[in-house]
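Quick mapping for you: the protein sequence lines, in order, are chains P and S. Everything in the first sequence is counted per this note's numbering, starting at 748 for the first residue and increasing by one. Everything in the second sequence is counted per this note's numbering, starting at 748 for the first residue and increasing by one.
Number of protein chains: 2
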Amino acid sequence: MSRDGVLSSLLQGRGSWASGEEIAANLGVTRAAVWKQIRLLRASGYEIEASPGKGYRLVVQPDSLRPEAIYCGLGTEFVGKVIHYRPVVGSTNDVARKMARGAEEGTVILAEVQTEGRGRMGRRWQSPPGGVWMSVILKPDIPPALASRINIAVGLAVARTLSHLYGLEAGIKWPNDLTVRDKKICGILTEMRAEIDRLDYVVVGIGINANMDPDRLDVEGEITSISRELGGEISRTELVQKLLWDIEKAYIEVNSSFPKAHAEWSARSSTLGRRVRIVSQRNEFEGTAVELDRYGALRIRRDDGEIVRVLAGDCVHLRPAEKEEEEGASATSG
Amino acid sequence: MSRDGVLSSLLQGRGSWASGEEIAANLGVTRAAVWKQIRLLRASGYEIEASPGKGYRLVVQPDSLRPEAIYCGLGTEFVGKVIHYRPVVGSTNDVARKMARGAEEGTVILAEVQTEGRGRMGRRWQSPPGGVWMSVILKPDIPPALASRINIAVGLAVARTLSHLYGLEAGIKWPNDLTVRDKKICGILTEMRAEIDRLDYVVVGIGINANMDPDRLDVEGEITSISRELGGEISRTELVQKLLWDIEKAYIEVNSSFPKAHAEWSARSSTLGRRVRIVSQRNEFEGTAVELDRYGALRIRRDDGEIVRVLAGDCVHLRPAEKEEEEGASATSG
């Protein structure tokens, strides 16, 4: 027996008393085994009250990403129905890719720490304790040319979660970051395996700076965290639950009513309407970001008036937008 | 020492005499070792003449896909500079995918037999002796939305090779087959690993029915082979050499001058101008194929006049095209 059974029993009780006898009977173990697991849970930071006549009840649970805590109260249909939890992992995306073919759609990998977290183009992504380092396995029935929709869905989902739970209005920075006050708070790394016209699977890696001090990271560019913005720590359990729910919802939306999702992405974008510098392996130029097209490409109006489509590259935000912001915000699917 | 060194020495001689002493010295082995390898080569079907005063010379080589035979006279810059040869393999694409990350661009896997050859959507692909079962690892600096260009390049390359070597004018059947007299002679399976905006690698599997009796295969749909069409067997060594050359050329073309490659693909297409039935997981409809767009999607004019873009699915050719063929053949990049 693992601690998970006992923890689940306590979580289901939602703070009410559960007798050791009942827990033991439900799990098919001895009362002594239950008691042993209670001690281990206490050692992990769970505050569990024990009373000879009443049994056990959970008083305080630590900020943890353990699946039992997340399953309890998770309202999704398929995202997060299976969660693989690892205290320490190289990269959750690597773990997810290895199990993706045989995994159910919506399977999630969660880790407390990544030792080899990656961003786009193989860049390093620092993943210390306190963050949410997570990968979701998706198997959309779309061709790879439309895979950017998954990126759009997850970007939207993170923005909605941060807004609804914490009132943080994060901007979506093309192609894959979320920023608060122009400081990075979340990065998304979407990887896929595909035939030319059919996705085998998509693995979406999501790194959120949740409860952590951004000043202690050695990162290029300005970053922030949820706890820094709010001035206090949040429940990562709640954050992950809401996020999984928002991911499922946005994922269904981009596949069923893309123009609506696209319009919201555009409204939440911090890139559209902005003066930007595009840096790719091939060239570098400046212009104004005017629209995201249906393939996830950014349309840039260069200073000579020409519209350039950018499918890949880094996008540096230059001075804040002025008049042109309206145009970007009202852009619709091409 | 492997047989490869001795075989390479004989092949480089192009039918002239090479002394056992020289071969041994060049390879850093004893003359007895050379003699042993000569006997092994003879056992594999190589006819090697031996003369006490002159040494050895290669008179007849078997129809083989052994890399030493293919390297000799291969004019490419990078495609096929490294060839991994396996007499029997599950699937060359699987082997290629496993080694792709660390492999040089242009690395090739060749097999005499595939026991688990695959076509699109996990379909079985019969791969008996006599065919060419090959995978090429490519690492184009393009986003996945443009990966269909690789499919276009390889389709073009196979068509050119069959035309130049054998006078066989193969039609390219969207998305990935080549046909002669409407019978399948080659299939292409392109798989990739990618981030949203960057390809890690593409593995292109190419199966060509070369020297084989199509009647002996248990396959749905009509198929043919090069030997059936020509009434005699061909040199697979020569076929692979020319094909690798054509792949390299077409690969460079689609990335440097796509409209030209697109126009030739359109001219060689047996689908454009044709009445077709599109069968996908979502729906099924008929119409006339009018154009391949720049993302590799097929544009179909339905009977109600609406133009539908098809990114994925099966395409069944119905009755031969009549008037509309011209329009299809002259279609250009959108």
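Backbone N, C-alpha and C fix where the C-beta goes; we use that ideal spot for every residue, glycine too.
(message) I'd like to know whether the C-beta of Met-868(P) is nearer than 9 angstroms to at least one C-beta of chain S.
(response) yes
(request) Report, in whole angstroms, the separation of the C-beta atoms of Val-835(P) and Ala-858(P), which I expect to be a contact under 8 angstroms. (result) 7 angstroms
(message) Tell me which residues share the same chain as Val-753(P) and place their Cβ nearer than 8 angstroms to its Cβ, disregarding the 5 neighbours each side in the sequence.
(response) Ile-770, Leu-774, Val-781, Gln-784, Ile-785, Leu-788
(message) Just list the residues that DSSP pairs Leu-1039(S) with in beta bridges.
(response) Leu-1045(S)
(message) Could you compute how far the alpha carbon of Gln-808(P) sits from the alpha carbon of Gly-792(P)?
(response) 7 angstroms
(message) For Thr-823(S), which residues in the same chain have their Cβ closer than 7 angstroms to its Cβ, ignoring the five residues on either side in sequence?
(response) Leu-991, Trp-992, Glu-995
(request) Find the nearest neighbour of Pro-922(P) within the set Asp-751(P), Leu-909(P), Asn-898(P), judged by alpha-carbon distance. (result) Asn-898(P)
(request) Please determine, among Ile-943(S), Ser-1013(S), Ile-935(S), Glu-938(S), the residue with the shortest C-alpha to C-alpha distance to Leu-936(P). (result) Ile-943(S)
(message) If I follow the unbroken beta strand (DSSP E) through Met-939(S), where does it start and stop?
(response) 930–942
(message) For Gln-861(S), would you say it is in contact with chain P, using Cβ-to-Cβ distances shorter than 9 angstroms as the test?
(response) no
(request) Would you list the one or two residues that DSSP bridges to Leu-805(P)? (result) Ile-795(P)
(message) Tell me the rounded alpha-carbon separation between Thr-854(P) and Arg-1041(P).
(response) 27 angstroms
(message) Can you list, in chain order, the residues of its chain with a C-beta nearer than 7 angstroms to that of Glu-863(P)? Leave out the 5 residues immediately preceding and following it.
(response) Gly-837, Ser-838
(message) Short of 8 angstroms in beta carbon distance, which residues of its chain neighbour His-1064(P), apart from the five on each side in sequence? Order them along the chain.
(response) Lys-920, Asp-929, Ser-1017, Thr-1018, Arg-1021, Arg-1022, Val-1023
(message) Which residues of the segment 938–952 of chain S have a Cβ closer than 7 angstroms to any Cβ of chain P? Give them in chain order.
(response) Glu-938, Met-939, Arg-940, Ala-941, Glu-942, Ile-943, Asp-944, Arg-945
(request) Taking a Cβ distance cut-off of 8 angstroms, strictly less, list which residues of the segment 1032–1057 of chain P are near chain C, in chain order. (result) This model lacks chain C altogether, as its protein chains are P and S.
(message) Beta-carbon within less than 6 angstroms of Ala-900(S)'s beta-carbon, same chain only, minus the 5 sequence neighbours each way: which residues are those?
(response) Ala-997, Tyr-998, Val-1001
(request) On the DSSP bridge assignment, give the partners of Gln-861(P) in chain order. (result) Val-836(P), Ser-874(P)
(message) So if DSSP puts Phe-1032(S) in a beta bridge, which residue, or which two residues, is it bridged to?
(response) Ile-1025(S)
(message) For a cutoff of 9 angstroms on Cβ pairs, would you count Ile-884(S) as touching chain P?
(response) no
(request) Determine the DSSP secondary structure at Met-846(S), reduced to helix, strand or coil. (result) helix
(request) Could you name the residues of chain S that Leu-936(P) contacts, counting a contact when the two beta carbons are closer than 8 angstroms? (result) Glu-942
(request) Taking only the alpha-carbon atoms, compute the straight-line gap between Gly-952(S) and Val-879(S) and give it to the nearest angstrom. (result) 10 angstroms
(request) Under 7 angstroms between beta-carbons, which chain S residues line up against Asp-888(P)? List them in chain order, please. (result) Gln-1028
(request) Tell me whether Gly-1075(P) sits in a helix, a strand or coil according to DSSP, three-state version. (result) Summary for Gly-1075(P): the model assigns pLDDT 40, below 50, so the residue's position carries little reliability; its value from the coordinates is reported in the next sentence. It is helical.
(request) Below 8 angstroms between beta carbons is the criterion; list the residues of the segment 971–1005 of chain P that meet it against any residue of chain S, in chain order. (result) none
(request) Determine the burial state of Ile-889(S): buried for a count of at least 16 other Cβ atoms within 10 Å of its Cβ, exposed for fewer. (result) buried
(request) Using a Cβ-Cβ cut-off of 9 angstroms, state whether Ser-1013(S) counts as contacting chain P. (result) no
(request) Output yes or no for whether 9 angstroms exceeds the beta carbon distance between Gly-954(S) and Gly-827(S). (result) no
(request) List the residues of chain S whose Cβ lies closer than 9 angstroms to the Cβ of Asn-773(P), in chain order. (result) Per Cβ cutoff of 9 angstroms: no residues; Asn-773(P) is ~42 angstroms from chain S at best.
(request) Compute the Euclidean distance between the alpha carbons of Asp-965(S) and Val-829(P), then round it to the nearest angstrom. (result) 41 angstroms
(request) Report the option in Leu-885(S), Arg-963(S), Leu-986(S) whose CA atom is closest to the CA atom of Val-973(S). (result) Position check: residue 973(S) holds Ile in this sequence, whereas Val was assumed. If we check each option's Cα against that of Ile-973(S), Leu-986(S) comes out closest.
(request) Using the Cα positions of Asn-1030(P) and Arg-761(P), report the straight-line distance between them to the nearest angstrom. (result) 57 angstroms
(request) Return the CA-CA distance between Ala-1014(P) and Leu-1058(S), expressed in angstroms with no decimal places. (result) 28 angstroms
(message) Could you tell me the alpha carbon to alpha carbon distance between Arg-871(S) and Pro-961(S), rounded to whole angstroms?
(response) 16 angstroms
(request) Classify Lys-989(S) as buried or exposed, calling it buried when 16 or more other Cβ atoms lie within 10 Å of its own Cβ. (result) buried
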